[in-house]
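Visitor: Numbering (my numbering), first residue to last: 151 to 1032. After the C-alpha cells below, expect a handful of questions from me.
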Ligand SMILES: *[C@@H]1O[C@H](CO)[C@@H](O)[C@H](O)[C@H]1NC(C)=O
Ligand SMILES: *[C@@H]1O[C@H](CO)[C@@H](O)[C@H](O)[C@H]1NC(C)=O
C-alpha cells in the first residue's frame, strides 16, 4: 500500500523555500498583514509583489519580535517578524471583511527562534467563537500554515490565539484573499486545507501569488510518490479561457503519469476521524500533443468503487473534477485513476487539493452589543485584553463581562464590571445600547458629568453601582424610583458633587433654586423633605445606598421617585381587571385598586380625550409635583396607546355630595361641614397662590371634594382640564367649563376662567353645605341656590337657610358668617369675590367662633371639640401609594 499523502508531504516540506518571480497582478480585496511589523509600516514582498501592512491596527496586545537572522534568509519578508502573546488567555485580531464573500484565510506561524530559546509552543487558533485548528510548532525554521476557505457572516472576523498552557502563542502573518463564490462550494461548513499539490513539479518551487490569482500556495511534489514519470510543457495552460478554479498555468503545465503504462495513478490519505468530511479537487490538463493514433482517457475509483469517468483531458486546458458532496465515513481514502480500455496512453494528473470540513456554528455576540462594547472600549481606552468576540466562546468572555448564552440566539452582554478601571469623562451613551444589561458597575473611577437618564432605559438592569466617582447633578428620578420599588440596587455614594450629597444641600439653600419657585418653593421643598423621610422610613428594603442620609433628603427627584408611570398591565393588576368602580366622572371612570398594601383610585380617562404623550406626561408630572394636604395626591399615570389612566390616593369616605344628599346614614355636623369647607378652601388657596404658575381648578363642586377615613377633605381632579384639549380649538379657555350651577356667570361674558371662577364655584359648594340643598333646585323653576339663599336672607331668618337636618345644632354667628362668606364668593361680579386666601381666613374665624348658646339653650356644642386647623402645611403628609 502506498504511503499516505500527508506523511509524504511533511517529509518533503523540510527546508523548502518559496522562491518566486514577481508577476504583478491585481491585489484588490487582498488583506496582507505582517504581524509584529512596526505600526504604520508597509512593504512589498520582493518575490510575490504582495503589499503587506503592520498588524498594529488589528490588535492592541502582544509583543513584536523578530526571528533569528539565519532563519530569515530562507523566508519571505512577511514572516521576518511576529507577534507573541505572553499575556492573556485569548488574544484576537479583528479584521474587517465583506460579509458573504468567500475568503481564503491563511495564518502563517514561523517561530524562527524569536525567543532565542527554541521553546516551540502549541496553542489553539480560533475563528470567532469556534476552534479552527491547533497550531503545533515542531521546527523553528518551518512555517506552519493554516488555511481556511470561509464565508464570514459578519462584517469582521476575529482570528484568535488561545493559550492552552503549552507555550506562548505567536503568529507571523495573516492573509485574506477573496475567492469566487462559485468555487469550493460545500453542502455545509468551511474548508480547512489538508493539502494542495503541484503534481509533477520538477522545480521544487511552491508557487503562489504572482502565478496564482487567488494566492493559493501550491506545494511541489515530484513523481516519487506516484511511481510515475513527470510530464511537462513549456506552453501556457488556459491561455484563452479558464474555469473558475483557475489553477495557475505553471502548476498545470507539469503532471505525472505512471511508469508502467497499464498501471493506475494512485494516492491515499488517512482520515483524522471517521466523521471527518473531505472535499477533493483534482485538476487535469493534457500537456502532450497527441498523435492521431493516440488517446488518453481514464476512470477514477474511490476505495475500489467507480467515482468518475471516462475523462479525456483537453489539450492545454484545465478540467477540474471535484466531489459535489463531502467524502466521509472511511478510515482511509484510496483514489485510483485507471486508463480506459480504449485509451492508448496511461492516465495523467496535474494538481490536487484536499480539504477537510470545519464547522463554525457557535454564534458570536449580538452585533449591537459588539458595536456598543467596542465603542465603550475605545471611549475609555480600556487597557484590558478585550479582543475577539466579547462573549463567545463561553469561558473566554472578556474580563469584566458576563453574557447570556442561548442555543437559538446570539450571546448577549448582561454583566459589565468596569470598577476601578481608571475611567474618566462622562458615562458613555454607548452603555445604553447594551440593552440586556442586568449588572453595571462603574464604581471607583473618575467619571464626571451627570448620571444620564439613559441608564433608566436599561429595563433589565438590577444592579447599578456608581460609587466613588466625580459625578454631579442629580440622580434621574426613574432610577431612584426603581430603587425604591426594589427592582434596582442603586449605589451612588461618594460622588461629592452629585446632587443629594452634602454640597448639594448648600446649593439648595443658596440662591440657585429658590428664586425660580419663589416663596412657594419653601413649602414645596419642606414637604419634599418630609416625603423623603417618610419614604425612607417606609421603605422595606433600602435599595439606594446613599452615604449620607441627608443626601437623599435633599434630593429633589425624591418627590418624583414616589410616583411613576405604570404600564397598562400593571393597571390591570392594580385594579384586579377593573373589578370595582368607585365612580364615574367627567374625565372617565374611577376604579378601586391596590399598590402593594396601599389603596388607590385609578381614573381611566375616556379615549375621546386623547392627546399627545409628551403633553400628557408633562402635565401629569407637573400635577404629581403638587402636594398639599387638601389635594388628592396623584400617585402615577399610565399612557399606553388609548389607555390613559391616573392613579390617585384612595379616599375612604367618598365625596361630599354623597354626604350632603342624605345618601349616608350619618349627617355631617356643622363643625364637620365647616372643617371640610376650610379644607377645600385651603386646597384651592394652594392651587391659586401656592403654585407657580397658579392652577385653576375649573371644576370645583361637591363631587370633587373627597373625604378620607378621618373626614379630612381633599380636592380632586384639579388641573385635569389642562390635560384635555379644548373642543373648538380655542385656546381662550378650556372646554371643561365646569358643571352647571357651579359655573362662574362671568365666564359666559368673558369666556375666560380665572381663579375667581373657582371662588364662585366654591361659594356654591359652601352654600350647599350650609343649606343641604343642591346647586340648582330640582323643581321646574330650577332656581339657583344663590338666588334661593338671597331670597331667604331677605326674610332675615338664618334658621330657615341652614340645613334643617342639623336640627339647629349649630352656632348662629358661625352660620351667619358662613353664609356671608358664601354669598361673597358667589357674587356675580368677580371683583367683588374674595380671594381664596381671604376666604380661608374668614372660614377659620368662622370655625373658631366660640359657641354661644342659642336662645333655645341647646347645649353640647363646644368649641373644645373644634380643632383649630394647623396652618403648617407640612404637618400632614399625604398617604403615599407605595
Ligand atoms: C468588579 O471589579 C472589581 C475590580 O476589578 C472587583 O473588585 C469586584 O469584585 C468585581 N465585582 C464583581 C461582582 O465581579
Ligand atoms: C482620579 O484621578 C486622580 C487625579 O488624576 C487620581 O489621583 C485618582 O487616583 C483617580 N481616582 C480613581 C478612583 O481612579
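Note that beta-carbon positions come from the ideal geometry of N, C-alpha and C, so glycine has one too.
(1) How should residue 588 be labelled, buried or exposed, when 16 other C-beta atoms within 10 angstroms of its C-beta is the threshold for buried?
(2) Would you check if the distance between the CB atom of residue 247 and the CB atom of residue 302 is smaller than 7 Å?
(3) Under the three-state reduction of DSSP, which class applies to residue 847: helix, strand or coil?
(4) Listed in chain order, which residues are found with a beta carbon closer than 5 Å to a heavy atom of ligand 1?
(5) Straight-line CA distance for residue 285 to residue 275?
(6) Can you say whether residue 259 is buried or exposed, counting buried as having 16 or more other CB atoms within 10 angstroms of its CB?
(7) Roughly how many angstroms lie between the CA atoms of residue 96 and residue 577, to the nearest whole one?
(8) Starting from the Cα of residue 446, find the closest Cα among 558, 497 and 428 and give me that residue.
(9) What residue range is occupied by the uninterrupted beta strand (DSSP E) comprising residue 785?
(10) Suppose the cutoff is 8 Å on Cβ atoms and the five residues either side in sequence are ignored; what does the same chain contact list for residue 940 look like?
(11) Quick one: is residue 709 buried, meaning 16 or more other Cβ sit within 10 Å of its Cβ, or exposed?
(12) If we ignore side chains and look at the alpha-carbon of each, how far apart do residue 988 and residue 620 end up?
(13) I'd like to confirm the pairing. Which residues does DSSP put opposite residue 487 in its beta bridges?
(14) Tell me whether the beta-carbon of residue 315 lies closer than 7 Å to the beta-carbon of residue 271.
(15) Considering only residues of the same chain and omitting the five flanking positions on each side of residue 869, which have a CB-CB separation below 6 Å?
(16) Should residue 249 be labelled buried (16 or more other beta-carbon atoms within 10 Å of its own) or exposed?
(17) Since I believe residue 750 is in contact with residue 799 (beta carbons under 8 Å), could you give me their beta-carbon distance rounded to a whole number of angstroms?
(18) My output table needs one value for residue 991: the three-state DSSP class, helix, strand or coil.
(19) Please list the terminal residues of the continuous alpha helix (DSSP H) segment that includes residue 402.
(20) Taking the beta carbon of residue 323 as the centre, do at least 16 other beta carbons fall within 10 Å, making it buried, or is it exposed?
(21) What is the DSSP secondary structure of residue 563, counted as helix, strand or coil?
(22) Check residue 986 in the structure and name its three-state DSSP category.
(23) Where residue 826 and residue 802 are concerned, what is the direct C-alpha to C-alpha distance, given to the nearest angstrom?
(24) Can you tell me which of 795, 738 and 642 puts its alpha carbon nearest to the alpha carbon of residue 716?
(25) Could you pull out every residue in the same chain whose Cβ sits closer than 6 Å to the Cβ of residue 503, ignoring the five residues on either side in sequence?
(26) With a threshold of 16 other CB atoms inside 10 Å of the CB of residue 385, please say whether the residue is buried or exposed.
(27) Can you tell me whether residue 262 is helix, strand or coil according to DSSP?
(28) Give me the residue from 477, 500 and 450 with the minimum Cα distance to residue 469.
(29) Helix, strand or coil, according to DSSP, for residue 386 in the structure here?
(30) With contact counted as at least three CB pairs below 8 Å, one residue from each stretch, are the stretch 334–349 and the stretch 237–247 in contact?
(31) Which residue from 861, 461, 624 and 748 puts its Cα closest to that of residue 780?
(32) Residue 369 lies in the beta strand (DSSP E); which residues open and close that run?
(33) Quick check: what's the CA-CA separation for residue 1103 versus residue 233?
(34) Give the straight-line distance between the Cα atoms of residue 376 and residue 548, rounded to the nearest whole angstrom.
Guide: Answer, in terms of the structure:
(1) Looking up residue 588 in the chain shown gives position 438. The residue in question, residue 588, is buried, as its Cβ has 16 or more Cβ neighbours within 10 Å.
(2) Position 97 of the chain shown, counting from 1, holds the residue named residue 247. Position 152 of the chain shown, counting from 1, holds the residue named residue 302. It is a contact, given that the beta carbons lie within the stated cut-off.
(3) Locating residue 847 in the chain shown gives position 697, where the first residue counts as 1. In the structure shown, residue 847 sits in coil (DSSP, three-state: anything other than H, G, I, E or B).
(4) Qualifying residues come out as 567, 569 and 570.
(5) For this step, residue 285 is matched to residue 135 along the chain shown. For this step, residue 275 is matched to residue 125 along the chain shown. Going from the Cα of residue 285 to the Cα of residue 275 covers about 7 Å.
(6) Sequence index remark: in the chain shown, residue 259 carries index 109 (1-based). Buried.
(7) Not covered by the structure: residue 96. The range shown for the chain is 151 to 1032.
(8) Counted from its first residue, the chain shown places residue 446 at position 296. Of 558, 497 and 428, the residue nearest in Cα terms is 497.
(9) In the chain shown, counting from the first residue as 1, residue 785 sits at position 635. For residue 785, the enclosing beta strand (DSSP E) starts and ends at 784–790.
(10) For the purposes of this step, residue 940 is identified with residue 790 of the chain shown, where counting begins at 1. Answer for residue 940: 973, listed in chain order.
(11) Within the chain shown, the letter at position 559 stands for residue 709. Caution applies to residue 709, whose pLDDT of 29 falls short of 50 and renders its modelled position unreliable; the model cannot decide the point.
(12) Here residue 988 refers to the residue found at position 838 when the chain shown is read from its first residue. Here residue 620 refers to the residue found at position 470 when the chain shown is read from its first residue. Distance between the alpha carbons of residue 988 and residue 620: 50 Å.
(13) Here residue 487 refers to the residue found at position 337 of the chain shown. In the DSSP output, where bridge partners are listed per residue, residue 487 has 415 and 450.
(14) Position 165 of the chain shown, counted from the start, is the residue given in the question as residue 315. Position 121 of the chain shown, counted from the start, is the residue given in the question as residue 271. It is not a contact, given that the beta carbons lie outside the stated cut-off.
(15) Counting from 1 along the chain shown, the entry for residue 869 is found at position 719. Excluding positions up to five away in sequence, the list reads 773 and 845.
(16) The residue you call residue 249 lines up with position 99 of the chain shown. With fewer than 16 other Cβ atoms within 10 Å, it is exposed.
(17) In the chain shown, residue 799 corresponds to position 649, counting from 1. In the chain shown, residue 750 corresponds to position 600, counting from 1. Indeed they touch by this definition, with Cβ atoms about 6 Å apart.
(18) Here residue 991 is taken as the residue at index 841 of the chain shown, counted from 1. Residue 991 falls in the helix class under three-state DSSP.
(19) Translated into the one-based positions of the chain shown, residue 402 becomes position 252. Here the alpha helix (DSSP H) through residue 402 covers 399–402.
(20) Reading the chain shown from its first residue, position 173 is the one you call residue 323. Buried, because 16 or more other Cβ atoms sit within 10 Å of the Cβ of residue 323.
(21) Counting from one through the chain shown, the residue named residue 563 turns up at place 413. In the structure shown, residue 563 sits in a strand (DSSP, three-state: E or B).
(22) Indexing the chain shown from 1 puts residue 986 at position 836. Three-state DSSP puts residue 986 in a helix.
(23) The residue labelled residue 826 in the question sits at position 676 within the chain shown. The residue labelled residue 802 in the question sits at position 652 within the chain shown. In this structure, the alpha-carbon of residue 826 lies about 15 Å from that of residue 802.
(24) Locating residue 716 in the chain shown gives position 566, where the first residue counts as 1. Of the candidates 795, 738 and 642, the one whose C-alpha sits nearest the C-alpha of residue 716 is 795.
(25) Looking up residue 503 in the chain shown gives position 353. Closer than 6 Å at Cβ, skipping near neighbours: 346 and 431.
(26) Indexing the chain shown from 1 puts residue 385 at position 235. Exposed, since its Cβ has fewer than 16 Cβ neighbours within 10 Å.
(27) Sequence index remark: in the chain shown, residue 262 carries index 112 (1-based). Coil at residue 262, not helix or strand.
(28) Sequence index remark: in the chain shown, residue 469 carries index 319 (1-based). The residue with the shortest Cα to Cα distance from residue 469 is 500.
(29) The count along the chain shown starts at 1 and reaches residue 386 at position 236. DSSP places residue 386 in coil when its eight states are reduced to three.
(30) By the C-beta criterion, the stretch 334–349 is judged not to be in contact with the stretch 237–247, since fewer than 3 inter-stretch pairs fall below 8 Å.
(31) Mapped onto the chain shown, residue 780 falls at position 630. Cα-wise, what sits closest to residue 780 is 861.
(32) As a first step, residue 369 is located in the chain shown; it is residue number 219 there, counting from the start. That run of the beta strand (DSSP E) goes 369–371.
(33) Residue 1103 lies beyond the residue range present for the chain, which begins at 151 and ends at 1032; the question has no answer from this structure.
(34) Position 226 of the chain shown, counted from the start, is the residue given in the question as residue 376. Position 398 of the chain shown, counted from the start, is the residue given in the question as residue 548. Roughly 50 Å between the two C-alpha positions.
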